[in-house]
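In our numbering, the protein residues as written are 347 to 817. Cβ coordinates follow ideal geometry from the N, Cα and C atoms, glycine included.
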RNA sequence: GGCCCGUUCGUCUAGUGGCCUAGGACACCACCCUCUCAAGGUGGCGGCACGGGUUCGAAUCCCGUACGGGCUGCCA
């Protein structure tokens, strides 16, 4: 076991990777690196319902995507909580033997009934002194000592809890299996965890865990409870209501670097006022002491802005490579055999500023790789609504036919004369008929560059076909 | 209900008693650039939840109120 600080990330498999978990993992990862420590991955799979091998692989893949590499020297694991059940139970028995825990034969229904009769809530320590031993239907409960438990939290400072308000919680179920709180503490203890950095929702559990650490004869680790991520209604992000699966963002063409950068800025800000930062810089600068105390809204718009920024910073080659999955996907806007890499590469500088996600990129230049792009009927009607507009279409077609130098500059000059000949002083206002005839839409990348790459024959063919529909 | 945490522009944040006439980013608006749309540039709108203290001085410290959130399981 290494000597530096030991952090841990302990997700339970649920079939997808939560963005909030991703941020927690990233923060632990940054700390493990900057403090020369270790990041321990532990899969908390003790709930049989949540235990499927492919889900575990999903967690590892997601971590890999955000840069938490399993082959990095700072990475350790994965460990599987379910494989340590014997140790959890042994620790529980130790607590029983030393009097820190006791058995109770009351069922949940019994507890509820007695509370109802007495007008109370929670478990009142009824079996504390009954001297019960293990047996069928008996649960093992922790004997919460009197006093106050003070949790030293790196994010929140000192938080104190009155032990009188903490009920004697269950360690071992009546079937003998360990509860989460027990398993969690025993694992952290045996894995030598020194820093527990996790979401704020675990703060109310912390005094219980701290008491267990102490009862087991060890000083508690350093705690740090970071704020949760919330939706627009300011509720904790939930898988039922909100889009929380990291995989979904990846599939939409959010770049890992952009996601990582954005996640890092939720509840924390890089030094120096510039929020777009390379990972090594953020990793070095991240401090728990600087983390905000209040929940942060996961803003899709801002994520998109970060992603756009990262897309624009890519070289055309990098952009092409990143786009490949969407370029050749089954639902790509054009057939794979019509796609031309050289054209895409040449057009990349004008595609990049127009795509917020990689998934949007193919559609920006789909008309270049489509035999016959669908013409938007409304756009076409508007683009040919006046005689002048139709005139532009006819005369620019003629001007292009006469062109010997098929390049963007020449095409532009030819078009402008055609537009002016039809009474347009601002040629830009007259390009709709040509643009719609060629691309099917009124908006898109620069027209003349597009025509250059489309080629003379195809350009003229589309122009003539479109012109023919006007009669 | 109880316990705990929190509260700076709509959102993410900078700010750790004087540098704050509260800075940046996203969003929004306007203008510029421009072959459309973007991108880019310039400018604008907009905030210290409220009330009391402490202090020469408070967004920063203390108390209270309001509001929000989390937890409250023989789930993890």
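heavy atom of the ligand PLP below 7 Å from residue i C-beta
i, result
"residue 365", "With respect to the ligand PLP, the structure shown offers nothing to examine, as it has no ligands at all."
Helix, strand or coil at residue i according to DSSP, with G and I counted as helix
i, result
"residue 439", "helix"
"residue 492", "coil"
"residue 814", "helix"
"residue 589", "coil"
"residue 582", "strand"
"residue 598", "coil"
"residue 685", "coil"
"residue 798", "helix"
"residue 487", "strand"
"residue 422", "strand"
"residue 503", "strand"
"residue 569", "strand"
"residue 643", "strand"
"residue 808", "helix"
"residue 398", "coil"
"residue 740", "helix"
"residue 364", "strand"
Integer-rounded CB distance, given that residue j should sit under 8 Å from residue i
i, j, result
"residue 412", "residue 605", "7 Å"
"residue 583", "residue 572", "Between residue 572 and residue 583 the Cβ distance is about 14 Å, and since that is not below 8 Å, they are no contact."
"residue 778", "residue 770", "About 11 Å; that fails the 8 Å criterion."
"residue 437", "residue 532", "5 Å"
"residue 292", "residue 630", "Not covered by the structure: residue 292. The range shown for the chain is 347 to 817."
One or two residues paired with residue i in a DSSP bridge
i, result
"residue 387", "355"
"residue 508", "494"
"residue 762", "BP columns for residue 762 are empty, so no partner."
"residue 524", "518"
"residue 448", "487"
Beta-carbon proximity of residue i to residue j, cut-off 8 Å
i, j, result
"residue 353", "residue 402", "no"
"residue 805", "residue 784", "yes"
"residue 373", "residue 643", "no"
"residue 653", "residue 600", "yes"
"residue 448", "residue 428", "no"
"residue 568", "residue 547", "no"
"residue 524", "residue 435", "yes"
"residue 790", "residue 781", "yes"
"residue 746", "residue 809", "yes"
"residue 488", "residue 451", "no"
"residue 553", "residue 507", "yes"
"residue 542", "residue 534", "yes"
"residue 359", "residue 397", "yes"
"residue 504", "residue 496", "yes"
"residue 680", "residue 722", "no"
**Prompt:** Would you say the region 735-742 touches the region 630-641, given that touching needs at least three Cβ pairs under 8 Å?
**Reply:** no
**Prompt:** Does the region 531-542 touch the region 452-471, meaning 3 or more C-beta pairs lie closer than 8 Å?
**Reply:** no
**the region 685-703 touching the region 664-671, judged by at least three CB pairs closer than 8 Å** = yes
**Asked** If you pair each beta-carbon of the region 703-714 with each one of the region 725-737, do three or more pairs fall below 8 Å?
**Response** no
**Message:** Check whether the region 360-379 and the region 414-433 are in contact - that is, three or more C-beta pairs closer than 8 Å.
**Reply:** yes
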